[in-house]
Each structure stands twice: as structure tokens, then as C-alpha cells.
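These protein sequences, in sequence, are chains A and B.
Every letter in the first sequence is one number past the one before it in the working numbering, and letter 83, counting from 1, is 83.
Every letter in the second sequence is one number past the one before it in the working numbering, and letter 149, counting from 1, is 362.
Note that beta-carbon positions come from the ideal geometry of N, C-alpha and C, so glycine has one too.
Protein chains: 2
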Amino acid sequence: MATTGRTTRQGSKGRGERGRRGEAVRQAELLGIAADLFADRGYVATTVRDIADAAGILSGSLYHHFDSKESMIDEILSTFIDQTLAAYEGVIAEGKGPKETFEGLVCTSLESMVESRSAILIYQNEARFLAAQPRFSYLTAAHRKFEKIWTDVLKQGVKTGEFRDSIDPKLVYRLVRDTVWTAPRWYRPGGSLKPEKIIEQYMAVLVDGVAKH
Amino acid sequence: MATTGRTTRQGSKGRGERGRRGEAVRQAELLGIAADLFADRGYVATTVRDIADAAGILSGSLYHHFDSKESMIDEILSTFIDQTLAAYEGVIAEGKGPKETFEGLVCTSLESMVESRSAILIYQNEARFLAAQPRFSYLTAAHRKFEKIWTDVLKQGVKTGEFRDSIDPKLVYRLVRDTVWTAPRWYRPGGSLKPEKIIEQYMAVLVDGVAKH
DNA sequence: CTCCTTCCCAAGCAATTGCTTGGTAAGCAT
DNA sequence: ATGCTTACCAAGCAATTGCTTGGGAAGGAG
Numbered sequence: 001m002a003t004t005g006r007t008t009r010q011g012s013k014g015r016g017e018r019g020r021r022g023e024a025v026r027q028a029e030l031l032g033i034a035a036d037l038f039a040d041r042g043y044v045a046t047t048v049r050d051i052a053d054a055a056g057i058l059s060g061s062l063y064h065h066f067d068s069k070e071s072m073i074d075e076i077l078s079t080f081i082d083q084t085l086a087a088y089e090g091v092i093a094e095g096k097g098p099k100e101t102f103e104g105l106v107c108t109s110l111e112s113m114v115e116s117r118s119a120i121l122i123y124q125n126e127a128r129f130l131a132a133q134p135r136f137s138y139l140t141a142a143h144r145k146f147e148k149i150w151t152d153v154l155k156q157g158v159k160t161g162e163f164r165d166s167i168d169p170k171l172v173y174r175l176v177r178d179t180v181w182t183a184p185r186w187y188r189p190g191g192s193l194k195p196e197k198i199i200e201q202y203m204a205v206l207v208d209g210v211a212k213h
Numbered sequence: 214m215a216t217t218g219r220t221t222r223q224g225s226k227g228r229g230e231r232g233r234r235g236e237a238v239r240q241a242e243l244l245g246i247a248a249d250l251f252a253d254r255g256y257v258a259t260t261v262r263d264i265a266d267a268a269g270i271l272s273g274s275l276y277h278h279f280d281s282k283e284s285m286i287d288e289i290l291s292t293f294i295d296q297t298l299a300a301y302e303g304v305i306a307e308g309k310g311p312k313e314t315f316e317g318l319v320c321t322s323l324e325s326m327v328e329s330r331s332a333i334l335i336y337q338n339e340a341r342f343l344a345a346q347p348r349f350s351y352l353t354a355a356h357r358k359f360e361k362i363w364t365d366v367l368k369q370g371v372k373t374g375e376f377r378d379s380i381d382p383k384l385v386y387r388l389v390r391d392t393v394w395t396a397p398r399w400y401r402p403g404g405s406l407k408p409e410k411i412i413e414q415y416m417a418v419l420v421d422g423v424a425k426h
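This is how it looks when you write it as C-alpha cells:
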């Protein structure tokens, strides 16, 4: 096991590449690699050796940049949540009506699939298990903020009469949330199915349903 | 629970049975325990010792009933898929119109939350990773059957004019599927939120949307 | 040049993993 | 009593896990 032929790490690239760059840059690089692996193998199933291999270094070397495997997923998730929360608040800040705001939230969520696909997948797949640990209590907090943002918009829409008053905001929030956050599971970046098409269809169904009126 | 409720196999009918009837009962019992653990800790994160502990036996004793941990999840998933496929085909067999059939499929899927909650969660969380292995190729096959059933109904509805002709059957199928299969993540059996309420709200949104017409 | 820091390798450790082996107590039939 | 089967325990093994330690090569600063 110890005598794998992988000991010569630099492939085509020379040592010169190992020049001095910002630590933050290298960290972000490694986090991107880790996020991709966590996303398509699962966090527990991904070993630190997997991550190191994908990065072209040895597993021990990862610990020069990170305290632990856990702090990697921590960084990935907290960054994603900060971004998402900021994006949502940006939509709210536009001060439009409930229907347009609702559409804006759906749109924003689906759009983030392109640049945050891995993070969304990790959040969807692992957050539920991680949230039990104190370290990841911010996940539960974020969850509540998300819920408030969405349900407020739905309630407002019912009040103004734009949304049907028979809807249960909490339940509809869950439906919509599950819908938009699960799309990255089958969405393939760069595929023939464009995000715009998905947004159009999802928006149409969520707002008007599948039935003809 | 650990009471040795020995099955009285007095009849001893066919010799082919070889007295394995008690074994099937115990197996189902252990599978239920394993399914619950897989569902709320994840398959990889659940150890065979966890399962054995929950069952009140030692980990090695599990291997009297199962070849491997993998064959446990295999059994759980294949059983779930068979049940679901049968239920879907039952709805189709009623021979109703597209809208009622669509509603029947949504209803059936959500209803299965009650008795197959763990299995749905496992299917949602682990199938994507497992499907890569040849042993679990039936997951991909089932996936295709599900897709055909749903999209056929949607296409039929467009043809009869009950559904809007602007919908993309494949995309809408994904939306609906993700929606109904993700609900078990937050649904709590025995809670105050009844499945009927969820079904009613989900049906309303998916068919008619949130907007007032 | 020398010193210091950065970023990595080489080796390995303690714990945990899925699973195996050999044995045994209990039930039932002959 | 004898023999067979069932369902378990007790012990442990090989592999893998996250992580640690000690060192070494490279480059900027003095």
C-alpha cells in the first residue's frame, strides 16, 4: 500500500508552478475540488485521500491548508449559505410585489445551480445529518431564515390577493424549496438543457400549475 | 422484542420450505431496523455494529441473515421499487383521464410516505451513488420506467387539452418527482401535519399553481 | 550567501470498518 | 439419547479511515 507508484507527484507541470500564491487562492482551489467530490460521492464516502489525489498531492498535505475534513465542508456550506442569503435579500430589497418577488426567489435559486451546483448538492444531501452537531448549528439558523423569507412573500401574496388564499405558506414553501434545491441532482452544467428553460418551466408550473385555465 | 417468539411451524407442509419461514420474519424485522438507520444517518455512515446494536445482537450475528451490508440496502430498495411500480401501474389500470391519473400518481406517491418513509429517504439519498454499481443497475431501469409512466400521462393530458401545451413533460416530471419524493425529509409520521393536508396542498399547487385565476 | 517561511512528501499510528471463524445453547425429530 | 438445524456470541483479522510527525526543497528577504 505504501509503495504505490504515485510518489512522483508533478506530472507535466514543473515545480515552478508551486510558486508563492495567496494561501486563500490555493484553499479555494482545494475547496472546489473537495466540493465536487463531496457532491458526487457523498461526504462520508469521500476520503481525504480522494481529495488529495484529485488535487495532485498527498493526503497529509491537505492538513497544511485545513484543520480537518470537517472544516472543509464547513467552509463550503457556510460560504454557500452566505451567498444565498445575500441573494435572497437582494431580491427582497427590490421592493416589488409578492408575485414578482416570488418569481425572483425561484429564479435566483435556480440560477445559482450554475455556479454553486456542488454546494447545493452537498447542502441537500448532508446538511440534515450535519445539523445535529453544534458546529453546524448555523445550518438550522439559516434554514429558519430561508423559511421566513419565503413564507413572508407567500403570506403577502395571499393578502394582496395575488395568491390563492387556500394555500398554506409553510407547506407551499417546502414544496417550492424542495423543488428548486433538488434540481441540481439531474441538471448537467454545459448540457443541452439550458437553465433558462428550466426556470421558465418551473416558474410556469409553480405559479400557474399544469392545468389549462 | 428480543423474546424468542419461535414460529410454530407445526404444519410442515412442503419439504421445499425447509422451515425457513421464521427466518423471513426475522429478516424483515432486521431490515426495518436497518432501513430506519440508513434513512436518518445515511448508508455509509451507518455501521453494521449500529444495526446490530439497535437489533440487540452482535454485529457478526447479522451475517447469519445477510451476506453483506450491501445486500441489506439492496433488499430494501428493490422491495420499495417493486411496491411503487405496482402502485403506479394500479393507478394507470384504473383507466381514468390524464388529470385524474396524474392526481392519482401524486396521491399514491405521497401516501407511501407513511409506510415506506425510510425506503423513500434511502432511495432519494443513496440511489444516485449506488446506481453506478452493476449490482444496482435495476435502479436506473426503474428510474426509466417511472419517467415513462409520468411523462406519458403528462403528454396525454396535453393532447386532450386538460394540460397546457406549453409544458415540457420531461421537465415537469422531474419537478413533480423531486417534489413528492423529497417530502419524507421533513414529514414526521404521527405528527400534527397529516398526509391528507400535504396531499391537498401539493395537488393544488401542482395542478393549479399558487396564483389566483 | 544565509535565514525564514511556505508547501509539500514520506511514513505511519490509533481507531474504525465490514466481515470471518469457531463455538454453543436451544429446539425439534427420530 | 442422538443428531440436525437455527440463531446467536466471542474474538479477531485485514483493510481503510482521518490525522500526525518529521523532514526537505523552493523562493523571497536580509
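* To do: Spell out a yes or no on whether the segment 37-55 of chain A and the segment 124-139 of chain A are touching, meaning 3 or more CB-CB pairs, one atom from each, closer than 8 Å.
  => Taking one beta carbon from each stretch, the segment 37-55 of chain A and the segment 124-139 of chain A have 3 or more pairs nearer than 8 Å; the two touch.
* Asked: If you draw a straight line from the alpha carbon of D40 (chain A) to that of S118 (chain A), how long is it in whole angstroms?
  -> Between the alpha carbons of D40 (chain A) and S118 (chain A) lies a distance of about 8 Å.
* Asked: Buried or exposed: S137 (chain A), going by 16 or more other Cβ atoms within 10 Å of its Cβ?
  -> Exposed, because fewer than 16 other Cβ atoms sit within 10 Å of the Cβ of S137 (chain A).
* Asked: What first and last residue would you give for the alpha helix (DSSP H) that runs through G90 (chain A)?
  -> Here the alpha helix (DSSP H) through G90 (chain A) covers 69-93.
* In whole angstroms, what separates the C-alpha of D74 (chain A) from that of E147 (chain A)? -> Going by the C-alpha atoms only, they are around 21 Å apart.
* Per DSSP, what kind of secondary structure is R15 (chain A) in: helix, strand or coil? -> For R15 (chain A), the predicted structure reports a pLDDT of 34, less than 50, and the residue's modelled location is therefore unreliable. A value from the coordinates is still provided. Correct three-state label for R15 (chain A): helix.
* **Simplified DSSP state of A344 (chain B), which is helix, strand or coil** => Here A344 (chain B) carries a coil assignment [DSSP, helix/strand/coil].
* In chain order, which alpha helix (DSSP H) runs of at least 4 residues are fully inside the segment 125-203 of chain A? -> Fully enclosed alpha helix (DSSP H) runs of 4 or longer: 137-160, 169-182.
* Identify the residues that DSSP records as bridge partners of A265 (chain B): which are they? -> In the DSSP secondary-structure assignment, A265 (chain B) is not bridged to any residue.
* To do: Report the three-state DSSP secondary structure of A424 (chain B) (helix, strand or coil).
  => Look at A424 (chain B) here: in three-state DSSP terms it is strand.
* **Straight-line Cα distance separating G374 (chain B) from Q156 (chain A)** => One Cα belongs to Q156 (chain A), the other to G374 (chain B), and the distance between them is close to 33 Å.
* Sorted by chain position, which residues of the same chain lie with C-beta nearer than 8 Å to T179 (chain A)'s C-beta, five sequence neighbours on each side aside? -> The beta carbon of T179 (chain A) sits closer than 8 Å to the beta carbons of Y202, L206 from its chain, once the five residues preceding and following it are set aside; these are given in chain order.
* To do: Measure the C-alpha to C-alpha separation of G303 (chain B) and F315 (chain B) and round it to an integer number of angstroms.
  => Roughly 13 Å between the two C-alpha positions.
* Assuming L110 (chain A) contacts A183 (chain A) under a Cβ cut-off of 8 Å, what Cβ separation, rounded to an integer in Å, is found between them? -> About 6 Å separates the two Cβ atoms, so the contact holds.
* Cα-Cα separation between G245 (chain B) and L154 (chain A), rounded to whole angstroms -> Computed Cα separation, rounded: 39 Å.
* Asked: Run through DSSP, which three-state label would L58 (chain A) get?
  -> Three-state result, L58 (chain A): coil.
* Is T260 (chain B) helix, strand or coil by DSSP? -> In the structure shown, T260 (chain B) adopts coil according to DSSP, grouped into three states.
* Using the Cα positions of H64 (chain A) and R26 (chain A), report the straight-line distance between them to the nearest angstrom. => If I take the Cα positions, the gap works out to 11 Å.
* **C-beta atoms of K383 (chain B) and T364 (chain B) nearer than 8 Å** => Closer than 8 Å, so yes.
* **Contact check, V450 (chain B) vs F163 (chain A), beta carbons under 8 Å** => A question about residue 450 (chain B) goes unanswered here, because the residues of chain B that appear run from 214 up to 426.
* Could you tell me whether the Cβ of E162 (chain A) comes closer than 8 Å to any Cβ of chain B? => Chain B, which has a Cβ nearer than 8 Å to the Cβ of E162 (chain A), makes this yes.
* To do: Check the Cβ-Cβ distances between Q83 (chain A) and every residue of chain B, and say whether any is below 8 Å.
  => Judged by the 8 Å Cβ criterion, Q83 (chain A) is not in contact with chain B.
* To do: At 9 Å on the CB atoms, spell out the chain B contacts of F129 (chain A), in chain order.
  => Per Cβ cutoff of 9 Å: D253, R254, G255, A258.
* **First through last residue of the alpha helix (DSSP H) which encompasses G32 (chain A)** => In the DSSP annotation of this structure, the continuous segment of the alpha helix (DSSP H) that includes G32 (chain A) starts and ends at 23-41.
* Does Q346 (chain B) get closer than 8 Å to chain A when you measure Cβ to Cβ? -> Proximity of Q346 (chain B) to chain A, defined by a Cβ-Cβ separation below 8 Å, is not satisfied.
* To do: Report the option in B:I411, B:E283, B:K425, B:A417 whose CA atom is closest to the CA atom of Q346 (chain B).
  => Q346 (chain B) has its Cα closest to that of B:E283, out of B:I411, B:E283, B:K425, B:A417.
* Listed by chain order, chain B residues near K212 (chain A) by CB distance under 7 Å -> Result: G374, E375, F376, R377.
* To do: Output the distance between the C-alpha atoms of A93 (chain A) and R135 (chain A), rounded to the nearest integer angstrom.
  => In a straight line, the C-alpha of A93 (chain A) is about 31 Å away from that of R135 (chain A).
* Alpha carbon to alpha carbon, what distance is there between I120 (chain A) and Q83 (chain A)? -> Counting only the Cα atoms, I120 (chain A) lies some 11 Å from Q83 (chain A).
* **Proximal residues to P402 (chain B) (C-beta, below 7 Å), its chain only, five neighbours per side dropped** => Closer than 7 Å at the Cβ level, and outside the excluded window around P402 (chain B), lie V327, R330.
* To do: Determine, using beta carbons only, whether G422 (chain B) comes closer than 8 Å to chain A.
  => G422 (chain B) counts as touching chain A.
* Asked: Checking contacts by CB at 8 Å: is I411 (chain B) closer than that to chain A?
  -> Taking Cβ atoms only, chain A reaches closer than 8 Å to I411 (chain B), which makes this a yes.
* Asked: Would you say K96 (chain A) faces chain B, with C-beta separation under 8 Å as the test?
  -> For K96 (chain A), the answer is no, since every Cβ of chain B falls outside 8 Å of its Cβ.
* **Rounded separation between A54 (chain A) and S61 (chain A) - CA only** => Counting only the Cα atoms, S61 (chain A) lies some 13 Å from A54 (chain A).
* Does DSSP classify F315 (chain B) as helix, strand or coil? -> Three-state result, F315 (chain B): helix.
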